[in-house]
Amino acid sequence: MRRTPTTSFHDAAHDTYQALLATSATLARGVLGPRLIELVNLRISQINGCAYCVDMHARDLLAQGCDWQWVNSVVTWHEVDFYTEAERAALGWAEAVTTLARHGRDDAYAALLPHFDERARAELTFVAAVMNTWNRMAITLESQVARAPELPRPAR
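Just so we're aligned, residue 1 is where the sequence shown starts under my numbering, counting upward by one.
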């Protein structure tokens, strides 16, 4: 049973909400690029079970021209070869930051080193932290996914 949220965090804590938006905007202007940021945001949202954010970030990737199968397979990125080594390293680090797993975190960080300089590693960590915050806000306040028109089906 869903409850109706009694407050809008946009209004109730307007300055804090604006600061989080500004942090996201700063990261969007950083060195990672929009595709990698959205890829990481999608995976984190899948892990956290945030339907609203999964929908938003999948649609953002599709709007950027990413292939439907590439977007749809993020949840199984370990099992497919659709992602570059840099993307795989970023996904592994995003999972480590999101789950706070101690086992494997050193390996996940080491996988970043050949692909990302210190600034990029820091920004990637901030992206993960901020996305986890957005997920927790959306889940807690039960943000709903609006039914959108059906996406075009891939050619068979």
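C-beta atoms are modelled at their ideal positions from N, C-alpha and C, and glycine is treated no differently. Everything numeric in this text was worked out from a predicted model, so none of it was measured.
Can you list the alpha helix (DSSP H) stretches of 4 or more residues lying completely in the stretch 100-127, in chain order? 105-112
Where R105 and R88 are concerned, what is the direct C-alpha to C-alpha distance, given to the nearest angstrom? Position 105 of the sequence shown, counting from 1, holds the residue named residue 105. Position 88 of the sequence shown, counting from 1, holds the residue named residue 88. When rounded, the distance between both Cα atoms is 14 Å.
Straight-line gap, T133 to N41 (C-alpha atoms, nearest Å): By one-based count along the sequence shown, residue 133 stands at place 133. By one-based count along the sequence shown, residue 41 stands at place 41. Going by the C-alpha atoms only, they are around 11 Å apart.
Grab me the residues of T99's own chain with a C-beta within less than 6 Å of its C-beta, minus the 5 sequence neighbours each way, in chain order. Here residue 99 corresponds to residue number 99 of the sequence shown, with the count starting at 1. So the list is empty, once near-sequence residues are dropped.
Report the option in V80, H103 and L36 whose CA atom is closest to the CA atom of C66. Mapped onto the sequence shown, residue 66 falls at position 66. Nearest option by C-alpha distance: L36.
Is the beta carbon of I139 less than 8 Å from the beta carbon of E95? Reading the sequence shown from its first residue, position 139 is the one you call residue 139. Reading the sequence shown from its first residue, position 95 is the one you call residue 95. No, the Cβ-Cβ distance between I139 and E95 is not below 8 Å.
Under 8 Å, with one C-beta from each stretch per pair, do the stretch 122-131 and the stretch 23-34 reach the 3-pair mark? yes
Close beta carbons around V71, own chain, < 8 Å, minus the five adjacent residues each side: By 1-based counting over the sequence shown, the position of residue 71 is 71. Excluding positions up to five away in sequence, the list reads L42, A58, L61 and L62.
Measure the beta-carbon distance from V97 to A120 and round it to whole angstroms, keeping in mind my assumption that it falls under 8 Å. Taking the sequence shown and counting its residues from 1, the one referred to as residue 97 is at position 97. Taking the sequence shown and counting its residues from 1, the one referred to as residue 120 is at position 120. Rounded, the Cβ-Cβ distance is 14 Å, inconsistent with contact.
So, with DSSP's three-state summary, where would you put A96? The residue labelled residue 96 in the question sits at position 96 within the sequence shown. Looking at A96 - three-state DSSP - the assignment turns out to be helix.
Separation of A51 from Y17, as counted between CA atoms: Residue numbering aside, residue 17 sits at position 17 when the sequence shown is read from its first letter. Residue numbering aside, residue 51 sits at position 51 when the sequence shown is read from its first letter. Cα to Cα, the separation comes out at about 20 Å.
Straight-line Cα distance separating L27 from A90: Here residue 90 refers to the residue found at position 90 of the sequence shown. Here residue 27 refers to the residue found at position 27 of the sequence shown. For A90 and L27, the distance between alpha carbons rounds to 15 Å.
With DSSP collapsed to three states, give me the class of C66. In the sequence shown, the residue the question calls residue 66 occupies position 66. The answer is coil: DSSP assigns C66 none of H, G, I, E or B.
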